[in-house]
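Heads up, the sequence shown is in the numbering used here, so the first residue is 27 and it goes up one at a time. For every residue, glycine included, the Cβ atom is placed at its ideal position computed from N, Cα and C. All values derive from a computational prediction rather than experimental measurement. For reference, the structure discussed in these notes is given below.
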Amino acid sequence: MVIARTRSELDAAGAMGSVLVPTMGALHEGHAALFRLAREHAGPTGRVSVSIFVNPTQFNEAADFDRYPRTLDADCEICERLGVDVVFSPPPGVMYPEGEEVPVGPLPAVATEPGLEDARRPGHFAGVCQVVRRLFALARPRAAVFGEKDWQQLQVVRAMVRREGLGVEIVAGPTVREADGLAMSSRNRLLEPRCRAAVVSVPRALDAARGESDVARAEEAMRRGLAEAGLGLEYAVIRDAETLLGAAPGRAGRALIAARCGAVRVIDNAPWSPAGAANG
Ligand code: AMP
């Protein structure tokens with residue numbers, strides 16, 4: 027495994043044409059599952075690259091950026107063990123060189139029109155699109171793997187790639203969960219014990235929504251469960267799975283939640299259809 031920090035090291039390591047998994051590090055089993063999926067897509071002779079970069083432009087709170095866990099040595103060991111070929115861990119000056127403009131726009135409609143993440147984290151998707159474009163330009167991957175855990179991000183990246191003709195196949199990996207159902211996340215290690223116990227209400231609320239027959243009841247069931255657990259609700263909604271606008275009959279729906287406990291924000295999502303009919 028090669029650890030590349032610059033563009034020329036990345037070229038020399040053979041990142042071009044690889045299957046790339048962009049991450050911000052503090053790796054966990056959710057990331058590991060994406061690396062395995064990347065390996066399946068690359069095939070035994072193809073190359074798998076993982077980028078590790080805590081991207082400042084997608085954080086809308088300085089405190090969140092400062093306390094974001096950084097565990098590069100442990101991350102590289104995980105990558106090595108999982109057969110990753112190239113780790114790209116650039117210093118900020120390589121991602122955003124002084125005097126070189128890295129475009130931020132335009133943003134796909136699915137980033138801004140549905141509200142949701144962008145309404146709560148203004149500028150977040152501008153930062154995500156900026157860093158993904160930059161990573162694709164530097165690494166020139168054939169395909170890139172993203173997690174369903176960040177559902178709106180997945181739709182935004184897909185829309186951006188389609189609209190800009192970036193020529194990178196986007197592969198989605200299912201959400202990996204703890205034994206009690208909590209979606210794995212690098213921020214989970216920041217949860218104080220009382221919050222770790224409370225946030226299990228998030229996947230439970232998604233389960234409760236699945237049993238409801240219409241959108242209003244499903245949203246109500248989610249909100250009730252989150253309020254009972256004492257979480258700060260940001261949103262708990264049923265939307266169209268692709269556009270993230272209002273759910274429409276005959277189209278796949280998605281239940282999406284964002285809630286807070288203490289200083290930590292938890293997001294999660296699950297497939298939804300009226301009366302729980304299976305839709306993936
Ligand atoms: P992050 O390091 O949080 O920026 O995440 C890097 C990638 O891993 C993103 O595509 C996430 O959606 C994905 N990811 C994060 N947590 C999980 C999880 N629990 N299961 C599957 N994928 C995940």
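For residue 106, the three-state secondary structure derived from DSSP is helix. Burial check for residue 136: the Cβ neighbour count within 10 Å reaches 16 or more, so the residue is buried. Using a Cβ-Cβ distance cut-off of 8 Å, the segment 92-109 and the segment 163-171 are not in contact, since fewer than three pairs of beta carbons, one from each stretch, lie closer than that value. With the rule of 3 Cβ pairs closer than 8 Å, the segment 203-216 does not count as touching the segment 262-270.
Taking 8 Å as the cut-off, the Cβ atoms of residue 176 and residue 232 do not count as close. Residue burial annotation: residue 71 is exposed, with fewer than 16 other C-beta atoms found within 10 angstroms of its C-beta. The residues 172, 173, 174, 196, 198, in chain order, have a CB closer than 8 Å to that of residue 180 in the same chain once the five nearest residues on each side in sequence are set aside.
Cα atoms of residue 224 and residue 279: separation of roughly 26 Å, rounded to the nearest angstrom. The DSSP assignment places complete beta strand (DSSP E) segments of no fewer than 3 residues inside the segment 184-227 at 195-199, in order along the chain.
Excluding sequence positions up to five before and after residue 290, its CB lies within less than 7 Å of the CB of 213, 216, 217, 221, all in the same chain and listed in chain order. Rounded to whole angstroms, the gap between the alpha carbons of residue 61 and residue 75 is 9 Å. Between ligand 1 and residue 202, a heavy atom-to-CB distance of less than 7 Å is present. Per DSSP, the continuous alpha helix (DSSP H) segment holding residue 162 begins and ends at 150-165. Below 8 Å, too few C-beta pairs join the segment 230-247 and the segment 110-122 to call them touching: fewer than three. Fewer than three Cβ pairs drawn from the segment 120-129 and the segment 85-98 lie within less than 8 Å of each other, which leaves the two stretches out of contact.
Annotation note: the segment 74-147 contains the following uninterrupted beta strand (DSSP E) runs of length 3 or greater, listed N- to C-terminal: 74-78, 112-114. Cβ contact annotation for residue 150 (same chain, cutoff 7 Å, sequence separation greater than five): 84, 86, 143, 144, in chain order. For the 8 Å CB-CB criterion, residue 255 and residue 247 do not form a contact. Going by DSSP, residue 173 is part of no alpha helix (DSSP H) but of the beta strand (DSSP E) stretching over 169-173. Along the length of the segment 231-261, whole alpha helix (DSSP H) runs at least 4 residues long occupy 241-254, reported in chain order. The distance from the Cβ of residue 257 to that of residue 227 is about 6 Å, consistent with a contact at the 8 Å cut-off.
Annotation: the continuous alpha helix (DSSP H) that includes residue 62 extends over 55-68. Collapsing the DSSP output to three states places residue 46 in a strand.
With contacts defined as CB atoms closer than 8 Å, residue 264 and residue 273 qualify as a contacting pair.
Residues of the same chain with a CB within less than 6 Å of the CB of residue 57, apart from the 5 flanking positions on each side, are 49 in chain order.
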